[in-house]
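First comes the structure, then the notes that go with it.
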Amino acid sequence: MISVLRSALCSLSLALALPLAATGAVLVGPVGPAAAAVPQDDFVIASFNVLGADHTDGRRGRPGFDRSDVRLDRAIKVLRRTHAAIVGFQEFQRSQHDRFLARVGDKWAVYAGAEWDTDNSIAWRTDRFAFVEGWSVAVPYFHGNTRYMPVVGLRSLASDRMVYVMNTHHAADTRGNATQWRREATRIERNTTRKLTRNLNVPVFMTGDMNDRAAFFCPFTRNQVMRSFLGGANPKDGSCNPPASGVDWIFANKYAALERPRINRSALVQATSDHPIVSVHVRLS
118 MISVLRSALC SLSLALALPL AATGAVLVGP VGPAAAAVPQ DDFVIASFNV
168 LGADHTDGRR GRPGFDRSDV RLDRAIKVLR RTHAAIVGFQ EFQRSQHDRF
218 LARVGDKWAV YAGAEWDTDN SIAWRTDRFA FVEGWSVAVP YFHGNTRYMP
268 VVGLRSLASD RMVYVMNTHH AADTRGNATQ WRREATRIER NTTRKLTRNL
318 NVPVFMTGDM NDRAAFFCPF TRNQVMRSFL GGANPKDGSC NPPASGVDWI
368 FANKYAALER PRINRSALVQ ATSDHPIVSV HVRLS
C-alpha cells in the first residue's frame with residue numbers, strides 16, 4: 118500500500134489561500150476545431166461507521182456482534198457490493214485500519230485524521246482517484262476534547278478533475294450532553310466546506326456520523342453551500358425542511374449532481390455494524 122504524505126502546512130486552517138484546481142469548464146473561442154468535451158465522471162461515495170473494535174473485542178464484547186476482524190472483512194464485502202469509489206469511515210480504529218489495508222492491498226488508499234488516530238479516515242479506490250493533498254481540521258469531541266477530521270484533495274483518473282472530501286464524526290450524548298460540541302463542530306465544518314467551495318470552485322463532499330438529524334442539517338446548510346444526498350431544503354427565509362434521515366450523512370456542493378441515494382440496512386450490514394452504510398451516485402460533467 119502506498120504511503121500517503123500529510124500536508125503539514127495545511128493541517129489546521131483553511132484561512133490561507135487554497136491551491137487552484139481545474140474546474141473542467143470548456144472555453145469558447147474563435148470558430149475552429151471543436152473543443153474536446155469534458156469527460157463525464159460517475160462514481161459512488163459512501164459513509165460508513167464500522168463500529169469500533171473497542172466496542173466488540175475483549176472480555177466485554179458487545180452482544181450480537183462478532184469481533185472486529187470478522188466484521189471488517191464483512192465491511193470490505195459491503196463496500197464491494199455498494200460499488201463505492203470513495204468512503205468516509207468512522208470508528209475505523211487502528212486494528213481495523215491495518216486489517217483493511219492488509220486485505221485490500223494496493224486497490225485502496227487511506228488518509229486518516231491523524232497519524233495516531235485512524236478512527237476518522239477517508240479511503241478511495243486507487244484505480245479511480247489519485248491523492249493530491251490532505252490535511253486535518255480540529256473539531257471538539259467528547260467533553261470538548263479535540264479530534265482531527267481528515268480532508269483530502271483527489272484527482273479523478275477518468276476526467277482529471279479535482280474533488281475534495283471531508284469526513285467527520287460528532288460526539289454522542291453517551292458521556293454527557295454533547296450538544297454544544299456538536300454545534301461547534303457543525304460551525305467549523307460549515308465554514309470549511311464554504312471556503313473550499315468558494316476558493317476552489319470544484320466538487321466538495323462531506324461524509325459523517327453527525328449524531329443529529331435536523332439539529333445538524335439546518336445549521337449546516339444555512340449558507341446554502343452544501344446539500345444533502347437525501348434532499349431537504351433550507352431557504353434564506355429560515356423555513357428549514359430537513360429530509361427524513363438517520364444520523365449518517367453525505368453532502369455535496371453545487372459542482373456535483375447526486376442521484377440514487379441509498380441507506381443500506383441489509384443483513385450483511387447489520388452483522389457488520391450498528392449503523393447502515395449510506396451512499397449516493399455522483400455525476401461530474
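Numbering (our numbering), first residue to last: 118 to 402. Glycine residues also receive a C-beta, built at the ideal position from the N, C-alpha and C atoms.
**Prompt:** Rounded to a whole number of angstroms, what is the C-alpha to C-alpha distance between Asn-328 and Trp-252?
**Reply:** Here residue 328 refers to the residue found at position 211 when the sequence shown is read from its first residue. Here residue 252 refers to the residue found at position 135 when the sequence shown is read from its first residue. Taking the straight line from one Cα to the other gives about 23 angstroms.
| Check whether Val-221 and Ile-239 have beta carbons under 8 angstroms apart | Working through the sequence shown from its first residue, we reach residue 221 at position 104. Working through the sequence shown from its first residue, we reach residue 239 at position 122. In this structure, Ile-239 does not lie closer than 8 angstroms to Val-221 by Cβ.
Within 8 angstroms, strictly: CB atoms of Asp-163 and Ile-380 = Residue 163 sits at position 46 when you count from the first residue of the sequence shown. Residue 380 sits at position 263 when you count from the first residue of the sequence shown. For the record, residue 163 in the displayed sequence is Ala; it is not Asp. No.
Task: Beta-ladder partner(s) of Pro-267, from DSSP - done: Taking the sequence shown and counting its residues from 1, one reaches residue 267 at position 150. The partner list for Pro-267 (beta bridge, DSSP) reads Ser-253.
Item to complete: Below 6 angstroms CB to CB, which residues in the same chain sit around Gly-230 once its five sequence neighbours on both sides are set aside?
Response: For the purposes of this step, residue 230 is taken as residue 113 along the sequence shown, with counting starting at 1. Taken in chain order, the residues that qualify are Asn-237, Ser-253, Tyr-265, Met-266 and Pro-267.
| message | Taking only three categories from DSSP, how would you classify Val-221? | response | Working through the sequence shown from its first residue, we reach residue 221 at position 104. Helix.
Limits of the unbroken beta strand (DSSP E) element including Thr-275:
Reading the sequence shown from its first residue, position 158 is the one you call residue 275. Note that residue 275 corresponds to Ala in the displayed sequence, not to Thr. Counting along the chain, Ala-275 falls outside any beta strand (DSSP E), and DSSP gives it neither H nor E.
Pull the bridge partners of Phe-182 from the DSSP assignment, please. As a working note, residue 182 is residue 65 in the sequence shown. DSSP lists no partner for Phe-182.
Tell me the DSSP secondary structure of Trp-233 in three-state form. In the sequence shown, residue 233 corresponds to position 116, counting from 1. Coil, per DSSP.
Discussion item. Under DSSP, the beta strand (DSSP E) around Thr-324 begins and ends at which residues?
Written reply: For this step, residue 324 is matched to residue 207 along the sequence shown. Where Thr-324 is concerned, the enclosing beta strand (DSSP E) stretches over 321–326.
Notebook entry, point to check: Taking Phe-246 as the reference, which of Glu-232, Leu-313, Thr-235 and Asp-223 has the closest Cα?
Noted result: Numbered from 1 along the sequence shown, position 129 holds the residue referred to as residue 246. Among Glu-232, Leu-313, Thr-235 and Asp-223, the Cα nearest to that of Phe-246 belongs to Asp-223.
Report task. Hey, could you find the ends of the alpha helix (DSSP H) Val-386 is sitting in? Result -> Looking up residue 386 in the sequence shown gives position 269. Segment 384–387, the alpha helix (DSSP H) holding Val-386.
- Task: Tell me whether the beta-carbon of Phe-346 lies closer than 8 angstroms to the beta-carbon of Leu-313.
- Result: For the purposes of this step, residue 346 is taken as residue 229 along the sequence shown, with counting starting at 1. For the purposes of this step, residue 313 is taken as residue 196 along the sequence shown, with counting starting at 1. Not closer than 8 angstroms, so no.
Discussion item. Going by DSSP in three states, Glu-208 sits in which element: helix, strand or coil?
Written reply: Here residue 208 refers to the residue found at position 91 of the sequence shown. Reduced to three states, the DSSP call for Glu-208 is coil.
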